[in-house]
Amino acid sequence: MSTSTLSRPRPETLRKPTSRTRSNLSGWGFAAPFLVFFLVFLVWPILYGFYMSLTGKSLTGANDSLIGFANYAEALADADMWRSLGNTLYFTVISTVPLVLVALIMAALLNIGLPAQWLWRLSYFAPYLLASTVVSLFFTWMYNPQLGLINEFLTGIGLPRVAWLNDPNVAMWAIVIATLWWTVGFNFLLYLAAMQNIPAQHYEAASLDGAGAWRQFFSITLPQLTPTTVMIVLLQILASLKIFDQVYQMTAGGPGGSTRPVVQYIFETGFTGYRLGYSAAISYIFFGLIVVISVMQFVITRRRSA
Amino acid sequence: MTGSALLGGGLLAAGLTGCGGAAQAAAVQDIGFWHLLSGGDGIKMQAMINAANQANPGFKVHPTVLAWGPPYYTKLAMASAGGRPPEVAIMHASRVPGYAPGGLIEPWDLDLLAENGVTSADFAPRIWEKSQHNGQVFSIALDSHPFVMFYNTDVAGKAGVLGSNGQLQEVSSPDEFKAMALEMQKVTKAHGLSFGYLGSGSQMWRLFYTLYKQHGVDMELTPGQPMKVDREAAVESLEFMASLFDDTIAAQAGDISTGIAEFARGGSGMLFSGVWELPTMKKAGIPVDAATIPTLYGTPASYADSHSFVLPRQLKLNEDKRRDVYKFVTDVLKGSLSWAEAGHIPGYQPVVQSQAYRELTPQIHYANAADIIAYDPESWFSGSGSDWQTYFAENVQNVLLGRDKAAAGWDAFEQRTNTLLSRPNPV
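As you go down the protein sequences, you meet chains R and W in turn. This note's numbering puts the first residue of the first sequence at 1, with every later residue one more than the last. This note's numbering puts the first residue of the second sequence at 307, with every later residue one more than the last.
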């Protein structure tokens with residue numbers, strides 16, 4: 001797509017060079033405020049962080065000499081890094097699936113034409129506006145093994161109590177449920193907007209041909225939503241990989257390290273464990289992983305749309 | 307509780323600025339003071355600061371209260387590394403080995419302390435020894451706060467386990483202790499002992515290390531070497547702990563606050579807890595007394611730490627402010643009787659030996675703890691609220707819940723510790 005536009009002669013090339021330099025200057029002027037921030041707060045930290053990962057730099061100022069890739073070698077042999085990385089990936093998988101599916105189902109149900117649309121939209125989206133601390137507090141209380149609302153309900157219908165945040169087998173799922181309630185509204189809104197953009201004629205034509213509601217959903221709605229789904233999945237995977245707040249506030253990585261995400265491990269090694277250089281190295285390993293996942297997604301989606 | 311203490315402190319500070327500030331504003335030195343005391347002891351601390359401010363018109367101490375544990379130590383280290391720390395701060399004595407070698411804190415000048423009337427003779431030997439690092443004094447202990455046993459005298463009386471002096475009878479073996487707890491359980495019909503530990507490495511470590519040290523053995527952490535530990539004593543201590551959580555002697559699973567709440571409403575006869583919970587127990591209105599944790603393995607020992615004053619490294623040292631800090635710290639030490647009311651054992655011996663302190667009960671019943679306290683083994687990663695305690699919880703919680711063998715949990719923790727010891731030392 002971009003190659004075809006470039007090959008065409010552009011009108012600007014006909015203008016005099018002086019005016020082009022001037023308009024370039026004003027262009028840079030307009031871009032400058034962003035550019036300065038971009039360079040100072042993104043590009044420079046990325047470069048400096050990489051340099052740090054090659055040193056033994058510590059918060060206490062001891063030993064900040066260059067040590068090559070020793071930090072990387074140590075990290076690749078660090079069982080706790082692999083475990084926390086595994087936790088992050090596990091969370092990403094088990095949270096992305098419901099966050100996409102539930103959003104789709106909620107949007108589809110609403111799109112059927114329920115009354116009081118604004119109320120549904122508001123109530124699905126409202127949790128998204130809360131701060132992570134608020135959400136964590138809500139759920140910490142609801143998950144409380146003795147006094148919590150959820151266990152109260154479970155025992156009420158004759159089921160056993162669950163130690164939601166204290167059982168290593170359940171804790172991650174408890175975090176996923178809280179996250180689902182908190183952020184599903186955003187995906188829901190994207191889906192709803194996309195659904196409302198599907199022309200009504202498609203459905204009219206389909207019903208004239210005798211297609212039922214299910215048939216219409218799978219043959220019209222879903223295919224029409226493909227670009228939206230691709231975007232939502234992409235955004236969701238990136239958001240889930242960054243998991244930190246809820247876990248830090250609800251379980252602090254416990255019980256037994258079963259929910260500690262890699263971002264928390266980076267924080268712990270760097271700030272409470274003083275080893276900034278080593279934690280920078282883990283960050284870059286994680287960064288590399290995100291790049292790999294993004295490229296894979298890019299390749300898959302490009303193949304699809306081609 | 308944290309929130310209201312913060313708010314209260316803020317309002318108090320604002321009020322004082324309002325009335326005293328204007329006249330002498332020019333000459334008054336502002337002293338920044340960070341601490342992590344946000345519960346009932348935070349209120350006591352604020353009162354001691356106010357008293358010091360009133361007695362010294364030349365300076366005004368501004369406290370900043372931060373959340374206990376990693377958030378506090380992270381910020382203190384960052385501020386010191388960045389050259390903008392407070393003039394004085396509170397630090398657990400067990401965390402000093404992680405700060406002193408890297409130069410994040412500066413040693414105290416003993417002459418200047420003596421000028422203000424405080425010398426090494428004013429501290430118990432174990433506490434003074436702990437303040438040293440490489441022959442210099444890096445921390446001045448405000449207190450020691452051991453892990454002790456509270457008990458409900460009413461329950462104990464009905465269970466027939468009180469001695470003739472009205473205090474709990476002595477037990478000297480794990481079995482005797484359990485038998486006593488079972489007697490109390492018959493009275494409460496719920497549990498004999500309260501001890502919540504879920505999700506809290508600090509809490510598990512406090513009891514574990516008390517029991518471990520009672521074996522008369524040591525634990526040493528030297529970077530570059532495997533940890534030196536008596537594995538048998540460690541496993542035995544864990545096994546005993548796990549055997550307590552059988553839902554009769556003590557609840558199988560509960561967190562710290564659940565345990566405290568159970569004891570405070572009379573649901574058990576005993577509580578293993580830090581001394582700082584004393585105000586909570588007094589407020590609960592139960593007949594409470596306290597003692598050090600019974601010696602079950604031969605050697606009296608009690609896990610403890612000390613809130614200590616440290617001097618974060620300043621980029622540009624202001625000598626006048628430094629002098630004011632010495633005056634402030636020594637004033638607080640001398641006025642630490644009110645600190646004792648919060649449950650802590652004052653570090654400053656003249657207060658401990660005063661008649662007023664001797665009249666404080668139950669504080670006086672566990673004051674002997676100062677002679678048997680055991681601080682965390684020293685290393686850059688150990689101490690109160692450290693990641694090391696979190697790793698302890700990660701490996702040991704399943705043992706206490708009865709899901710894992712004590713030996714397996716201990717070995718995993720030892721291995722984790724050895725990994726830390728094999729890593730480069732960042733301080």
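Where is the CB? At the ideal position from N, CA and C, for every residue including glycine.
Give the range of the alpha helix (DSSP H) segment to which Trp-120(R) is assigned.
Numbered from its first residue, the first sequence carries residue 120(R) at position 120. Per DSSP, Trp-120(R) belongs to the alpha helix (DSSP H) from 117 to 125.
I believe Gly-575(W) touches Val-461(W) by the beta-carbon criterion, under 8 Å. Please report the beta-carbon distance rounded to the nearest angstrom.
If you number the second sequence from 1, residue 575(W) lands on position 269. If you number the second sequence from 1, residue 461(W) lands on position 155. About 4 Å separates the two Cβ atoms, so the contact holds.
Identify, in the order they occur along the chain, each residue of the same chain with its Cβ nearer than 8 Å to the Cβ of Thr-667(W), setting aside the five sequence neighbours on each side.
Position 361 of the second sequence holds residue 667(W). Within the same chain, Thr-667(W) has close Cβ partners Asp-595.
Tell me which same chain residues have a C-beta within less than 8 Å of the C-beta of Phe-125(R), skipping the five on either side of it?
Working through the first sequence from its first residue, we reach residue 125(R) at position 125. Counting only Cβ-Cβ distances below 8 Å, and skipping sequence neighbours, we find Gly-185, Phe-186, Phe-188 and Leu-189.
Here's the rule I'm using: 16 or more other beta-carbon atoms within 10 Å means buried, otherwise exposed. How should Pro-255(R) be labelled?
For this step, residue 255(R) is matched to residue 255 along the first sequence. Buried, by the Cβ-count rule.
Whole angstroms is fine: what's the gap from Arg-302(R)'s alpha carbon to Tyr-203(R)'s?
Position 302 of the first sequence holds residue 302(R). Position 203 of the first sequence holds residue 203(R). Roughly 28 Å between the two C-alpha positions.
Chain R beta carbons: is any one of them nearer than 7 Å to that of Gly-505(W)?
Stepping through the second sequence from its first residue, residue 505(W) is reached at position 199. Chain R contact via Cβ: present.
Which residue comes first and which comes last in the alpha helix (DSSP H) that contains Met-455(W)?
Walking along the second sequence from the start, residue 455(W) turns up at place 149. Taken as a continuous stretch (DSSP letters only), Met-455(W) belongs to no alpha helix (DSSP H), being part of the beta strand (DSSP E) at 449 to 458.
Short check: CB of Ala-646(W) to CB of Tyr-672(W), under 7 Å?
Locating residue 646(W) in the second sequence gives position 340, where the first residue counts as 1. Locating residue 672(W) in the second sequence gives position 366, where the first residue counts as 1. Contact: no.
Keeping to the same chain, check which residues put their C-beta closer than 7 Å to that of Pro-683(W); ignore five residues upstream and five downstream.
By one-based count along the second sequence, residue 683(W) stands at place 377. Excluding positions up to five away in sequence, the list reads Met-525, Glu-526 and Leu-527.
Taking the straight line between their C-alpha atoms, what separation do you get for Val-170(R) and Pro-480(W)?
As a working note, residue 170(R) is residue 170 in the first sequence. As a working note, residue 480(W) is residue 174 in the second sequence. Approximately 34 Å between the Cα atoms of the pair.
On the DSSP bridge assignment, give the partners of Leu-617(W) in chain order.
Along the second sequence, read from residue 1 onward, the residue named residue 617(W) stands at position 311. Answer by DSSP bridge pairing, in chain order: Glu-412(W).
From Val-657(W) to Pro-431(W), what does the alpha carbon distance come to, in whole angstroms?
As a first step, residue 657(W) must be located in the second sequence, where it is residue number 351. As a first step, residue 431(W) must be located in the second sequence, where it is residue number 125. Each residue's Cα considered, the two are about 16 Å apart.
Assign Ser-279(R) to one of two classes, buried (16 or more other C-beta atoms within 10 Å of its C-beta) or exposed (fewer than that).
As a working mapping, residue 279(R) is identified with position 279 in the first sequence. Result: buried.
Have a look at Ile-300(R) and Ser-294(R) and give me their C-alpha separation to the nearest angstrom.
Against the first sequence, residue 300(R) aligns to sequence position 300. Against the first sequence, residue 294(R) aligns to sequence position 294. Approximately 10 Å, taken between the alpha carbons.
Can you confirm whether the region 355 to 374 of chain W touches the region 630 to 640 of chain W when touching is taken to mean that 3 or more C-beta pairs between the two stretches lie within less than 8 Å?
The region 630 to 640 of chain W vs the region 355 to 374 of chain W: in contact.
With DSSP as the reference, identify every bridge partner of Phe-37(R), one or two as the case may be.
The residue you call residue 37(R) lines up with position 37 of the first sequence. DSSP, once it has assigned bridges, lists no residue as partnering Phe-37(R).
Keeping to the same chain, check which residues put their C-beta closer than 8 Å to that of Asp-347(W); ignore five residues upstream and five downstream.
Position 41 of the second sequence, counting from 1, holds the residue named residue 347(W). Answer for Asp-347(W): Trp-582, Pro-585, Trp-645, Ala-648, Gly-649 and His-650, listed in chain order.
Comparing alpha-carbon positions, which option in Phe-551(W), Pro-732(W) and Phe-719(W) lies nearest Asp-80(R)?
Taking the first sequence and counting its residues from 1, the one referred to as residue 80(R) is at position 80. Residue Phe-719(W) is the option with its Cα nearest to Asp-80(R).
Return the chain-ordered ranges of every beta strand (DSSP E) run that is complete within the region 628 to 655 of chain W and spans a minimum of 3 residues.
Whole beta strand (DSSP E) segments, 3+ residues: zero.
Of all the residues that make up the region 402 to 414 of chain W, which are near chain R by a beta-carbon distance shorter than 7 Å?
Here the close residues are Gly-408, Gly-409 and Leu-410.
Assuming Ser-642(W) and Leu-448(W) make a contact with CB atoms under 8 Å, what is their CB distance in whole Å?
On the second sequence, residue 642(W) is found 336 positions in, with the first residue counted as 1. On the second sequence, residue 448(W) is found 142 positions in, with the first residue counted as 1. That pair is a contact at about 6 Å.
Taking the DSSP output, what are the residues bridged to Asp-595(W)?
Counting from one through the second sequence, the residue named residue 595(W) turns up at place 289. Bridge partners of Asp-595(W): Tyr-457(W).
Whole-angstrom Cβ separation of Ala-163(R) and Ala-548(W), contact assumed at under 8 Å?
Your numbering for residue 163(R) matches position 163 in the first sequence. Your numbering for residue 548(W) matches position 242 in the second sequence. In fact, because the Cβ distance is near 17 Å, the residues do not count as touching under 8 Å.
Taking three-plus beta-carbon pairs below 8 Å as touching, is the region 37 to 56 of chain R in contact with the region 256 to 264 of chain R?
Not touching, per the Cβ criterion.
For Phe-339(W), report the span of its beta strand (DSSP E) as first-last.
The residue you call residue 339(W) lines up with position 33 of the second sequence. Start and end: 335 to 341.
Within a Cβ cutoff of 7 Å, which residues of the same chain sit near Val-424(W), ignoring the five residues on either side of it in sequence?
As a first step, residue 424(W) is located in the second sequence; it is residue number 118 there, counting from the start. These residues qualify, in order along the chain: Thr-636 and Leu-639.
Along chain R, in chain order, which residues have C-beta atoms closer than 8 Å to that of Ala-676(W)?
Residue 676(W) sits at position 370 when you count from the first residue of the second sequence. Neighbours of Ala-676(W) on chain R: none; closest Cβ ~29 Å, over 8 Å.
Identify the contact partners of Arg-275(R) in chain W, using a Cβ-Cβ distance below 9 Å as the criterion.
To locate residue 275(R), count along the first sequence from 1; it is residue 275. Chain W residues near Arg-275(R): Arg-729, Pro-730 and Pro-732.
In three-state terms, what does DSSP make of Ser-500(W)?
Along the second sequence, one-based indexing puts residue 500(W) at 194. Residue state, collapsed to three classes: strand.
Near Phe-483(W), what residues of its chain come up, given a Cβ to Cβ distance below 8 Å and the 5 sequence neighbours on each side ignored?
For the purposes of this step, residue 483(W) is taken as residue 177 along the second sequence, with counting starting at 1. Closer than 8 Å at the Cβ level, and outside the excluded window around Phe-483(W), lie Val-477, Pro-600 and Leu-602.
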